[in-house]
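Below is one structure, written out as structure tokens; the observations come after it.
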Amino acid sequence: MLHIILMILKILGLLLLVILGLVLAVLLAVLFVPVRYRGSGSYYEEGKGSVGISWLLHILSIRLRYDKSLTVTVRLFGFRILKQKKLDRELEEAEDIMVHAMERIEPEPVKDAKEMKEEVQEEIQERPEHIPPAKKEVKTKKTPFYKTWWENVKRRVLRFFAKLKFFFHRVYDTLKTVKDKKDEIFSWINNENNKKTVKLLLRQGKKLIRHVLPLRGKGSITFGFDDPYLTGQVLMYASVVYPFCHKHLDLYPVFDSAVFQAEGTFRGRIRLGTVLMIGLRMLMDKNFRILLRKWLR
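This is the structure:
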């Protein structure tokens, strides 16, 4: 009997080790296997483009394609589990909702008790007793999984843009008060702890941007206006940043007509472990945590 118990415990221990090993392998894969992305797009009177995202030798892949409407395709182990092409339908539904929301429905006049009583009596007299009132069949239709998934994605995207809008509003309000708080700002900048925090943020911010931005890319832009002077002004402003991206971007100004054409490709990767390490490095700074709490308030 003791031998059997020890054998069962041994099997359970091996199963537990296997499960822990699988969990550890999945965790390491999520942290250190990069999410790769690539895309291409063009604009010639109409915009077209596609973006592909893949992870772990294309075990999971997502493809978004835009050509007058948005198509989303999701594959798992090479099998397609989702394909949607309904941007136009969603926009039409949104427009219908807005139209109905803007319409004003006139309320019906309120009937007094005497009129309501007479109408009820007439209805009872006209209806035969042996015929029961017809009951409406209510059919419950289960919402498909892909529709629920799409609604959740839309809700999260709208929530993200709402937060982003709120963030920019806060930045704008902060910039408006800069003139009124010159002394306070200069004293904050001259603080030694704040100097260290700013240097840390700049250093980690550079690492994050360098990691997230595409590793390779090539594009071209052809632009021009009816006014050659305006084209020259735009070209002058573009020349400020062009030296930093001249290897990946070609500019072709046109001075005798109004035109805008663009095309390009890009590819890169994002490793979740690297992003988390950058975030943790900033959160380890005590002064940054204090400033973050004040900012969130």
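Using our numbering, the first residue of the sequence shown is number 579, and each one after it goes up by one.
Ideal placement from N, C-alpha and C gives every residue a C-beta, glycine not left out.
1. How far does the beta strand (DSSP E) with residue 841 in it reach, from first residue to last?
2. By DSSP, does residue 583 sit in helix, in strand, or in coil?
3. Would a C-beta distance cut-off of 8 Å place residue 650 and residue 638 closer than the cut-off?
4. State the start and end residues of the unbroken beta strand (DSSP E) segment that holds residue 646.
5. Could you tell me the alpha carbon to alpha carbon distance between residue 868 and residue 774, rounded to whole angstroms?
6. Identify which residue in 811, 596 and 823 has its Cα closest to the Cα of residue 793.
7. Cα separation between residue 626 and residue 619?
8. DSSP beta-bridge partners for residue 795?
9. If we count Cβ pairs, one from each stretch, closer than 8 Å, do we get three or more for the segment 831 to 843 versus the segment 809 to 816?
10. Considering Cα atoms alone, identify which of 798, 593 and 645 is closest to residue 624.
11. Taking the runs of the beta strand (DSSP E) that are 3 residues or longer, which of them lie wholly in the segment 775 to 827?
12. Within 10 angstroms of its Cβ, does residue 866 collect 16 or more other Cβ (buried), or is it exposed?
13. Please report how far the alpha carbon of residue 860 lies from the alpha carbon of residue 872, in whole angstroms.
14. How should residue 591 be labelled, buried or exposed, when 16 other C-beta atoms within 10 angstroms of its C-beta is the threshold for buried?
15. For the candidate residues 777, 616 and 601, whose alpha-carbon lies nearest to that of residue 842?
16. Classify residue 803: buried if its beta carbon has 16 or more other beta carbons within 10 angstroms, exposed otherwise.
17. Just verifying my parser: in three-state terms, what is the DSSP assignment at residue 656?
18. Could you tell me which residues DSSP puts in a beta bridge with residue 857?
19. Locate the beta strand (DSSP E) running through residue 631, then write down its first and last residues.
20. For residue 616, which of helix, strand or coil comes out of DSSP?
21. Please confirm whether residue 636 has its beta-carbon closer than 8 Å to some beta-carbon of chain B.
22. Could you tell me the alpha carbon to alpha carbon distance between residue 790 and residue 780, rounded to whole angstroms?
23. Does the count of Cβ pairs from the segment 593 to 610 and the segment 845 to 864 closer than 8 Å reach three?
24. Where residue 606 and residue 806 are concerned, what is the direct C-alpha to C-alpha distance, given to the nearest angstrom?
25. Can residue 840 and residue 798 be called in contact, C-beta distance under 8 Å?
26. Tell me the DSSP secondary structure of residue 734 in three-state form.
27. Please state the DSSP three-state secondary structure of residue 596.
On the basis of the supplied data:
1. In the sequence shown, the residue the question calls residue 841 occupies position 263. Counting along the chain, the beta strand (DSSP E) containing residue 841 begins and ends at 837 to 848.
2. Taking the first residue of the sequence shown as 1, we reach residue 583 at position 5. Residue 583: helix per DSSP, three-state reduction.
3. To locate residue 650, count along the sequence shown from 1; it is residue 72. To locate residue 638, count along the sequence shown from 1; it is residue 60. Contact: no.
4. Numbered from its first residue, the sequence shown carries residue 646 at position 68. Note, residue 646: premise wrong, no beta strand (DSSP E); not H, not E.
5. What you label residue 868 is simply residue 290 of the sequence shown in a count that begins at 1. What you label residue 774 is simply residue 196 of the sequence shown in a count that begins at 1. Cα to Cα, residue 868 sits roughly 14 Å from residue 774.
6. If you number the sequence shown from 1, residue 793 lands on position 215. Per the Cα distances, 823.
7. Start at 1 with the first residue of the sequence shown, and residue 626 comes out as number 48. Start at 1 with the first residue of the sequence shown, and residue 619 comes out as number 41. The alpha-carbon atoms of residue 626 and residue 619 are separated by roughly 6 Å.
8. By 1-based counting over the sequence shown, the position of residue 795 is 217. Answer is 844, bridged to residue 795.
9. yes
10. Position 46 of the sequence shown, counted from the start, is the residue given in the question as residue 624. The candidate whose alpha carbon is nearest that of residue 624 is 645.
11. 794 to 802
12. As a working note, residue 866 is residue 288 in the sequence shown. When all chains shown are included, residue 866 counts as buried.
13. Against the sequence shown, residue 860 aligns to sequence position 282. Against the sequence shown, residue 872 aligns to sequence position 294. Cα-Cα distance, rounded: 16 Å.
14. By one-based count along the sequence shown, residue 591 stands at place 13. Looking at its Cβ environment, which holds fewer than 16 other Cβ atoms inside 10 Å, residue 591 is exposed.
15. Position 264 of the sequence shown, counted from the first residue, corresponds to residue 842. The shortest C-alpha separation from residue 842 is found at 616.
16. On the sequence shown, position 225 is the one that residue 803 refers to. So residue 803 ends up on the buried side.
17. The residue you call residue 656 lines up with position 78 of the sequence shown. Three-state result, residue 656: coil.
18. Reading the sequence shown from its first residue, position 279 is the one you call residue 857. Beta-bridge pairing links residue 857 to no other residue.
19. Here residue 631 is taken as the residue at index 53 of the sequence shown, counted from 1. 625 to 633 is the extent of the beta strand (DSSP E) around residue 631.
20. Walking along the sequence shown from the start, residue 616 turns up at place 38. In this structure, residue 616 counts as strand in the three-state DSSP scheme.
21. Chain labels in this structure do not include chain B; a single protein chain is all it has.
22. Walking along the sequence shown from the start, residue 790 turns up at place 212. Walking along the sequence shown from the start, residue 780 turns up at place 202. Each residue's alpha carbon lies about 15 Å from the other.
23. yes
24. Taking the first residue of the sequence shown as 1, we reach residue 606 at position 28. Taking the first residue of the sequence shown as 1, we reach residue 806 at position 228. Rounded to whole angstroms, residue 606 to residue 806 spans 56 Å at the Cα level.
25. Translated into positions along the sequence shown, residue 840 becomes position 262. Translated into positions along the sequence shown, residue 798 becomes position 220. Cβ atoms of residue 840 and residue 798: closer than 8 Å.
26. Reading the sequence shown from its first residue, position 156 is the one you call residue 734. Three-state DSSP puts residue 734 in a helix.
27. As a first step, residue 596 is located in the sequence shown; it is residue number 18 there, counting from the start. Reduced to three states, the DSSP call for residue 596 is helix.
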